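Read top to bottom, the protein sequences are chains A and B. Per the working numbering, the very first residue in the first sequence carries number 1; after that it's consecutive. Per the working numbering, the very first residue in the second sequence carries number 1001; after that it's consecutive. C-beta atoms are modelled at their ideal positions from N, C-alpha and C, and glycine is treated no differently. Here the structure is a predicted model, which means the values were calculated and not measured. So the structure is just underneath, and the comments pick up after that.
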Amino acid sequence: MNRLLWVLLLASGSVFATIDAYEFERYEDEQRFRVVVEELRCPKCQNQNISDSNAGLAKDIKDRVYKLINEGRSNSEITDYMVERYGDFITYRPPIKPSTWFLWFGPLGLALIAVVILLVRKLSAKPSEPVAIDADKHRKVEDLLKKLDDIDR
Amino acid sequence: MSRSKLLFSIPFIAFMVLGYFFLEALNSDPSLLPSTRIDQQVPAFTLPGLEDPAQVLTERQLKGPLLLNVWATWCPSCQVEHPVLIELAKNGITIVGLNYKDVRSAALKYLEIHGNPFTYNIYDEGGDLGLDLGVYGAPETYLIDADGVIRYRHVGVITPQNWRELLWPKWQEMGGKP
């Protein structure tokens, strides 16, 4: 029973809290609407997406997205349209440009630096010199090994 | 400096750099967004006037230097700002109102009670021009020059202090009088 609950919980994924009265003629358009509205950030109520927000501004943006979708604009065209008005802030996917290079490539760069440091250390490390063992120590080792063999038997 | 001293100073330097960025972030207001419309023409629109619904207003009328002030009766900060706008209008500064997502009768009553600093008002009931301008809250004030180009956007209340220190220099820069 418990396990079943877990499975249901994990399978539920993201749930839409808002029920909007946006009617589409085509199913794909409705799906597109949901995707676009989920990926736009509300400029007024920061840290909420347009889909979740009930702010008046979020409603206006939803209305405009609805209109643009019915005009047949593509998802990226709609995102660009909003970025043109509200700036990069409105999209949860920051564009790749000089000011965001660190954001996009920083983690990869740090990982590369770590790999380089590890490689340099590995390559420049001197192999340890073999330690000379005298006959006395050698005999001791042999004895110990023999004892181990006896125990195994 | 010895090699180990150099190595040990790396975390310290990294800490200082991080600290600098955190301090910057602490002092900045995350709710202030830069406008994307700076140095661009006012977006095209066709909207009625607030006082006269039959009046047809477009971007062609918005040739400054003027202030385009986004306001509404549902916006408490706008009331705080209102006396400052009246003072500015008295000093000969052209202020055009953008009545944003408001009810016409309420807006007209508001102007009757509190005074009217606006040369005229654009009635943007649906917030369409607001969206095209990138308005995300009232009050906002746009500085528009003689060619109808947006020079600056101020988000929030205009106070005598930020007018003097921030907006007045920008106003003069774009040839605004007096």
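Margin query: Pairs of beta-carbons, one from the segment 1083 to 1096 of chain B and one from the segment 1111 to 1121 of chain B, closer than 8 Å: are there three or more?
Written below: yes
Next item on the list: Below 7 Å between beta carbons is the criterion; list the residues of the segment 76 to 94 of chain A that meet it against any residue of chain B, in chain order.
Entry: GLU84, ARG85, TYR86, GLY87, PHE89
Item checked: the segment 1071 to 1078 of chain B / the segment 1032 to 1050 of chain B touching (three or more Cβ pairs under 8 Å) -> no
Item checked: Interface partners of ASP1184(B) on chain A, CB under 8 Å -> The structure shown does not extend to residue 1184(B), since chain B is modelled only from 1001 through 1178, so no value can be given for it.
Check: Would a C-beta distance cut-off of 8 Å place LEU1131(B) and PRO43(A) closer than the cut-off?
Finding: Within the second sequence, residue 1131(B) is the residue found at index 131, counting from 1. Within the first sequence, residue 43(A) is the residue found at index 43, counting from 1. In this structure, PRO43(A) does not lie closer than 8 Å to LEU1131(B) by Cβ.
Next item on the list: Alpha carbon to alpha carbon, how far is PRO94(A) from ARG1003(B)? Give it in angstroms, no decimals.
Entry: The count along the second sequence starts at 1 and reaches residue 1003(B) at position 3. The count along the first sequence starts at 1 and reaches residue 94(A) at position 94. Rounded to whole angstroms, ARG1003(B) to PRO94(A) spans 40 Å at the Cα level.
Checklist line | Start-to-end residues for the alpha helix (DSSP H) that takes in GLY1148(B) | finding: By one-based count along the second sequence, residue 1148(B) stands at place 148. Careful: GLY1148(B) lies outside any alpha helix (DSSP H) and carries neither H nor E.
Checklist line | 6 Å Cβ shell around ASP1180(B) - same chain, five flanking residues per side excluded | finding: Because chain B spans 1001 through 1178 in this model, residue 1180(B) falls outside it and cannot be assessed.
Check: For GLN46(A), which residues in chain B fall below 8 Å Cβ to Cβ?
Finding: Taking the first sequence and counting its residues from 1, one reaches residue 46(A) at position 46. Chain B residues near GLN46(A): PRO1030, SER1031.
Check: Tell me the DSSP bridge mates of ARG34(A)?
Finding: Locating residue 34(A) in the first sequence gives position 34, counting from the first residue. DSSP output for ARG34(A) lists no bridge partner at all.
Item checked: Beta-carbon proximity list for THR18(A), same chain, < 8 Å, skipping 5 on both sides -> To locate residue 18(A), count along the first sequence from 1; it is residue 18. Caution applies to THR18(A), whose pLDDT of 49 falls short of 50 and renders its modelled position unreliable; the value that the coordinates give is listed next. Contacts found: SER51, ASP52, ASN54.
Check: Span of the beta strand (DSSP E) holding GLY1019(B)?
Finding: In the second sequence, the residue the question calls residue 1019(B) occupies position 19. Run containing GLY1019(B): none in the beta strand (DSSP E); it sits in the alpha helix (DSSP H), 1003 to 1027.
Notebook entry, point to check: Mapping DSSP to helix, strand and coil, what is TRP1074(B)?
Noted result: Locating residue 1074(B) in the second sequence gives position 74, where the first residue counts as 1. It is coil, neither helix nor strand.
Check: How many Å lie between ILE78(A) and PRO1011(B) at the Cα?
Finding: Numbered from 1 along the first sequence, position 78 holds the residue referred to as residue 78(A). Numbered from 1 along the second sequence, position 11 holds the residue referred to as residue 1011(B). Their Cα atoms are separated by approximately 44 Å.
Check: Quick one: is TYR1152(B) near chain A, going by C-beta distance under 8 Å?
Finding: Residue numbering aside, residue 1152(B) sits at position 152 when the second sequence is read from its first letter. Cβ-Cβ to chain A under 8 Å: no for TYR1152(B).
Next item on the list: Mind listing the chain B neighbours of ARG64(A)? Cutoff is C-beta to C-beta under 7 Å, in chain order.
Entry: Here residue 64(A) refers to the residue found at position 64 when the first sequence is read from its first residue. Those within 7 Å of ARG64(A) in chain B are LEU1131.
Check: What is the residue span of the beta strand (DSSP E) that THR79(A) lies within?
Finding: Stepping through the first sequence from its first residue, residue 79(A) is reached at position 79. Where THR79(A) is concerned, there is no enclosing beta strand (DSSP E), although the alpha helix (DSSP H) it sits in stretches over 75 to 86.
Notebook entry, point to check: Would THR1036(B) count as contacting chain A if we go by Cβ distances under 8 Å?
Noted result: Locating residue 1036(B) in the second sequence gives position 36, where the first residue counts as 1. Yes, its Cβ sits closer than 8 Å to a Cβ of chain A.
Next item on the list: Tell me whether VAL120(A) sits in a helix, a strand or coil according to DSSP, three-state version.
Entry: Position 120 of the first sequence, counting from 1, holds the residue named residue 120(A). In this structure, VAL120(A) counts as helix in the three-state DSSP scheme.
Check: Any C-beta of chain A sitting closer than 8 Å to the C-beta of TYR975(B)?
Finding: Since the first and last residues shown for chain B are 1001 and 1178, residue 975(B) lies out of range.
Check: In chain A, what lies closer than 8 Å to TYR1136(B) by C-beta?
Finding: In the second sequence, residue 1136(B) corresponds to position 136, counting from 1. Going along chain A in sequence order, the residues near TYR1136(B) (Cβ under 8 Å) are PRO43, LYS44, LEU57, TYR86.
Next item on the list: Report yes if the CB atom of SER1028(B) is closer than 8 Å to the CB atom of GLY1134(B), and no otherwise.
Entry: If you number the second sequence from 1, residue 1028(B) lands on position 28. If you number the second sequence from 1, residue 1134(B) lands on position 134. By the CB criterion at 8 Å, SER1028(B) and GLY1134(B) fall outside the cutoff.
Margin query: For LEU1068(B) and THR1141(B), which I take to be in contact (beta-carbon distance under 8 Å), what is that distance rounded to the nearest angstrom?
Written below: Your numbering for residue 1068(B) matches position 68 in the second sequence. Your numbering for residue 1141(B) matches position 141 in the second sequence. Confirmed, about 7 Å.
Check: By how many angstroms is the C-alpha of HIS1114(B) removed from the C-alpha of GLY1126(B)?
Finding: For the purposes of this step, residue 1126(B) is taken as the residue at position 126 of the second sequence. For the purposes of this step, residue 1114(B) is taken as the residue at position 114 of the second sequence. Cα to Cα, GLY1126(B) sits roughly 24 Å from HIS1114(B).
Check: Is the segment 65 to 83 of chain A in contact with the segment 29 to 46 of chain A, if contact means three or more CB pairs nearer than 8 Å?
Finding: yes
Notebook entry, point to check: chain B partners of ASP60(A), CB-CB under 9 Å?
Noted result: Counting from 1 along the first sequence, the entry for residue 60(A) is found at position 60. Per Cβ cutoff of 9 Å: LYS1101, GLY1126, GLY1127, ASP1128, GLY1130, LEU1131.
Next item on the list: Can you have a look at PHE33(A) and say buried or exposed, based on whether 16 or more other CB atoms are within 10 angstroms of its CB?
Entry: On the first sequence, residue 33(A) is found 33 positions in, with the first residue counted as 1. So PHE33(A) ends up on the buried side.
Notebook entry, point to check: Excluding sequence positions up to five away, which residues of its chain have a Cβ less than 8 Å from the Cβ of VAL15(A)?
Noted result: On the first sequence, residue 15(A) is found 15 positions in, with the first residue counted as 1. With a pLDDT of 49 at VAL15(A), under the threshold of 50, the predicted position of this residue should be treated as unreliable, though the coordinate-derived value follows. Within the same chain, VAL15(A) has no close Cβ partners at all.
Check: For GLU1112(B), which of GLU1059(B), TYR1020(B), GLU1051(B) has the nearest alpha-carbon?
Finding: For the purposes of this step, residue 1112(B) is taken as residue 112 along the second sequence, with counting starting at 1. For GLU1112(B), the closest alpha carbon among the candidates GLU1059(B), TYR1020(B), GLU1051(B) is that of GLU1051(B).
Checklist line | Among ALA1089(B), GLY1137(B), TRP1071(B), the one whose alpha carbon lies nearest that of CYS45(A) | finding: Residue 45(A) sits at position 45 when you count from the first residue of the first sequence. Looking at the Cα atoms, GLY1137(B) is the closest of the given residues.
Notebook entry, point to check: Helix or strand or just coil, what does DSSP make of THR100(A)?
Noted result: Position 100 of the first sequence, counted from the first residue, corresponds to residue 100(A). The answer is helix: DSSP assigns THR100(A) an H, G or I state.
Check: Start and end of the beta strand (DSSP E) containing VAL1096(B)?
Finding: Taking the first residue of the second sequence as position 1, residue 1096(B) is located at position 96. 1095 to 1100 is the span of the beta strand (DSSP E), which, as asked, contains VAL1096(B).
Notebook entry, point to check: For LEU946(B), does the count of other Cβ atoms within 10 angstroms reach 16, so buried, or fall short, so exposed?
Noted result: What the structure shows of chain B is the stretch from 1001 to 1178, and residue 946(B) is not part of that stretch, so it cannot be assessed.
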